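In the order they appear, the protein sequences are chains A and S. End of the first sequence sits at 90 in our numbering; the numbers just go up one at a time, nothing left out. End of the second sequence sits at 1454 in our numbering; the numbers just go up one at a time, nothing left out. Using N, Cα and C, we set each Cβ at its ideal position, and we do this for glycine too. Quick caveat: nothing in here was measured; it's all calculated off a predicted structure. First up is the structure itself, then whatever we jot down about it.
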Amino acid sequence: MKKVIITVIGRDTVGIIAKVCTYLADHNVNILDISQTIVGGYFNMMMVTDPTDSSVGAGQMSDDLTALGEGMGLSIRVMGEDIFNAMHRV
Amino acid sequence: MINILEAAETVRMITRENLDVRTITMGISLLDCISSDLNELCENIYRKITSKAKDLVRVGDEIAKEYGIPIVNKRISVTPIGLIGASACAKPDDYVLIAKTLDDAAKEVGVNFLGGFSAVVSKGMTMAEENLIRAIPEALARTSYVCASVNVGSTRTGIDMDAIRLLGNTILETARRTEDRDSLGCAKLVVFCNAPDDNPFMAGAFHGVTEGDTVINVGVSGPGVVKTALESVRGESFEVLCETIKRTAFKVTRVGQLVAQEASRRLGVPFGIIDLSLAPTPAIGDSVADILHEIGVEYAGAPGTTAALALLNDQVKKGGVMASSYVGGLSGAFIPVSEDQGMIEAVEAGALHIEKLEAMTCVCSVGLDMIAIPGDTKPSTISGIIADEMAIGMVNAKTTAVRLIPVIGKGVGESVEFGGLLGHAPVMPVNEFGCENFISRKGRIPAPIHSFKN
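The following block contains the structure:
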């Protein structure tokens, strides 16, 4: 199982988590963990997801969520977990 | 489990600090393409490249998307064509035909550049290799993707001064043939001492004869990431400075290692090396000169610059080697002029001259890189500059290179625009005192005393 990490950064507004979660539910992507914080008025969220049974691939998910983010003035990135492990774990 | 701050740091490096993988370069051996029939040779070359590299661009793009890391270039390096064409090419024009074949193959598979129109003549030239060098101006004028390089010296062999004399003219002729494009052809021609066999960066990449059939080499980047990290330790001691560079280089290199392993696995091609280079681009915030400024010099070129660069280069290596078991290529900080906005500003401010750049090349990779000089520079002067830089490489047992662009029709005070990653550059003055009597001597400079290690 390759986990996919979704990060959302932008101005805090109502419904950010709801919209991202709705997308993930619609495409059968399981959410394993969510953490969020607000730094200087900016919303930071990280979701660890499992797309094993998903109807969309990581590439499509990336395109869709980027577009969703742009509509809300947010930067949403979908990245394979490996890149974070490679960078931050010896 | 990764925490949110670590995730945010990675995202920030990519989105705001220009972290990227600069290139996935597939090295392809053409030794099994050799034929004494030129047409057959060209067919073999085209077929081998287009079959081995057919999925390179697609796989590179897929990895970039899945991991959210830009992979800027997908490239190919091939066995030095001076060897491959030796039995089929009787004259320079025959080599031009091979260059066009390489160009067609590169276009077919969609890569940015293809390197290896090269000759390794560190001790002497065969007639075939001399023909290849004579073919370079025409080859670079008539192709779009092909890059050429000539290795004219090494610590073990000394320096081939006959090749350097020939290259002074070759570089000027290449400039003339591409005069309508600000002599852009010279941006695709590098002269080396101690050229590595596994360099993934252009224009000097070729697939050395020590390599296997095909290999994946990856070049990382990240000057912007290092610069930003150093902003947080202003005024701190050298120990803190070095530690910060090392940590950052480690993270950057690990991304390259991940991409290299993935590319190797998906393409079914062995992984070769990671090249730990800080490779700048003309983009704001992606500059090695800006790092030097952050370390503490007003402009690149100010007193202290060479020491700062030596420190930077060393720490990048120390951080990077821990991140990958196979490090190779050029591995160090690049200091091209036109490709680095901070370098351009240093030249325009009068802080940076060719002589200082030469000193800086003693402590970093690679050499006098992407420097525009007046178009009326004498060939012997170009040869003299090359010889000086090669001597630095030979004596210090390191790679050095020269990529000069004599801009035909332009002089000091004017500037040239190459576009894209190649950037723009002010035309820099060269020392105009003569060296004809030195360059006109025949033969080679012997290997230095410390090459006798047996």
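Distance, residue j Cα to residue i Cα
i: S:Lys1246; j: S:Leu1230; result: 11 Å
i: A:Glu81; j: S:Lys1317; result: 26 Å
i: A:Val56; j: A:Leu32; result: 17 Å
i: S:Val1427; j: A:Ala86; result: 42 Å
i: S:Gly1420; j: S:Ala1283; result: 9 Å
i: S:Ile1291; j: S:Leu1030; result: 40 Å
i: A:Ile38; j: S:Ala1008; result: 12 Å
i: S:Gly1124; j: A:Ile83; result: 46 Å
i: S:Ser1144; j: S:Ala1105; result: 11 Å
i: S:Thr1462; j: S:Ile1373; result: Summary: the structure shown does not reach residue 1462 of chain S, with chain S confined to residues 1001 through 1454, and so no result is reported for it.
i: S:Ile1098; j: S:Ile1049; result: 13 Å
i: S:Arg1156; j: S:Cys1193; result: 11 Å
i: S:Leu1184; j: S:Ile1405; result: 7 Å
i: S:Ile1295; j: S:Gly1393; result: 26 Å
i: S:Ala1351; j: S:Gly1301; result: 5 Å
i: S:Arg1234; j: S:Gly1319; result: 20 Å
i: S:Glu1129; j: S:Leu1083; result: 7 Å
i: S:Gly1219; j: S:Arg1022; result: 6 Å
i: S:Ala1425; j: S:Tyr1046; result: 35 Å
i: A:Glu70; j: S:Ile1014; result: 18 Å
i: S:Ile1133; j: S:Pro1092; result: 8 Å
i: S:Arg1181; j: S:Val1297; result: 35 Å
i: S:Asp1094; j: S:Asp1103; result: 15 Å
i: S:Gly1268; j: S:Glu1062; result: 15 Å
i: S:Glu1345; j: S:His1353; result: 12 Å
i: S:Asn1039; j: S:Ala1289; result: 47 Å
i: A:Gly15; j: S:Val1146; result: 52 Å
i: S:Ile1355; j: S:Gly1027; result: Looking at the sequence provided, one finds Glu at residue 1355 of chain S rather than Ile. Cα-Cα distance, rounded: 34 Å.
i: S:Asn1313; j: S:Leu1241; result: 13 Å
i: S:Val1416; j: A:Leu68; result: 42 Å
Counted within 10 angstroms of its Cβ, other Cβ atoms place residue i as buried (16 or more) or exposed
i: S:Asn1431; result: exposed
i: A:Lys2; result: exposed
i: S:Ala1088; result: buried
i: S:Asn1199; result: buried
i: S:Tyr1326; result: exposed
i: S:His1293; result: buried
i: S:Glu1401; result: The sequence given here places Ala at residue 1401 of chain S; Glu does not occur at that position. With 16 or more Cβ atoms within 10 Å of its Cβ, S:Ala1401 is classed as buried.
i: S:Thr1178; result: buried
i: S:Ser1118; result: buried
i: A:Gly40; result: exposed
i: A:Thr49; result: buried
i: S:Glu1236; result: exposed
i: S:Arg1444; result: buried
i: A:Thr98; result: The shown model of chain A, from 1 to 90, leaves out residue 98 of chain A, and the question about it has no answer.
i: S:Asp1197; result: buried
i: S:His1450; result: exposed
i: S:Lys1410; result: buried
i: S:Glu1262; result: buried
Beta-bridge partners of residue i, as assigned by DSSP
i: S:Asn1217; result: S:Thr1025
i: S:Cys1147; result: S:Gly1115
i: S:Ala1425; result: S:Val1416
i: A:Met45; result: A:Val8 and A:Gln36
i: S:Lys1074; result: S:Ile1024
i: A:Asn30; result: A:Asp50
i: S:Leu1278; result: S:Ala1333
i: A:Met79; result: A:Ile5
i: S:Gly1367; result: S:Ala1401
i: S:Leu1097; result: The partner list for S:Leu1097 (beta bridge, DSSP) is empty, contrary to what the question assumes.
i: S:Pro1406; result: S:Ile1373
i: S:Ala1271; result: First, the residue type needs correcting, since residue 1271 of chain S is Phe and not Ala in the sequence shown. According to DSSP, S:Phe1271 bridges with S:Ile1216.
i: S:Arg1444; result: S:Asp1160
i: S:Val1327; result: S:Ile1274
i: S:Leu1311; result: BP columns for S:Leu1311 are empty, so no partner.
i: S:Val1120; result: S:Asn1151
i: A:Leu74; result: A:Gly10
Cβ-heavy atom distance, residue i to the ligand SAH, below 7 Å
i: S:Leu1241; result: Among the ligands in the structure shown, none appear at all, so the ligand SAH cannot be discussed.
Three or more beta-carbon pairs under 8 Å between the region 1158-1165 of chain S and the region 1195-1215 of chain S, yes or no?
no
In the region 1136-1204 of chain S, which residue ranges form an unbroken beta strand (DSSP E) of at least 3 residues, counting only runs that do not cross its ends?
1146-1154, 1158-1160 and 1189-1193
Would you call the region 1167-1177 of chain S in contact with the region 1204-1219 of chain S, where contact means no fewer than 3 C-beta pairs closer than 8 Å?
no
How do the region 1062-1079 of chain S and the region 1254-1271 of chain S stand: do at least 3 beta-carbon pairs fall below 8 Å, yes or no?
yes
So, do the region 1354-1373 of chain S and the region 1301-1316 of chain S have three or more beta carbon pairs nearer to each other than 8 Å?
yes
At least three beta-carbon pairs within less than 8 Å, the region 1108-1117 of chain S to the region 1152-1161 of chain S:
no
Three or more C-beta pairs under 8 Å: does that hold for the region 7-22 of chain A against the region 36-55 of chain A?
yes
Hey, is the region 1183-1193 of chain S in contact with the region 1131-1151 of chain S, meaning 3+ C-beta pairs nearer than 8 Å?
yes
With contact counted as at least three CB pairs below 8 Å, one residue from each stretch, are the region 1004-1018 of chain S and the region 1217-1236 of chain S in contact?
yes
Check whether the region 1327-1335 of chain S and the region 1272-1289 of chain S touch, using three or more Cβ-Cβ pairs below 8 Å as the test.
yes
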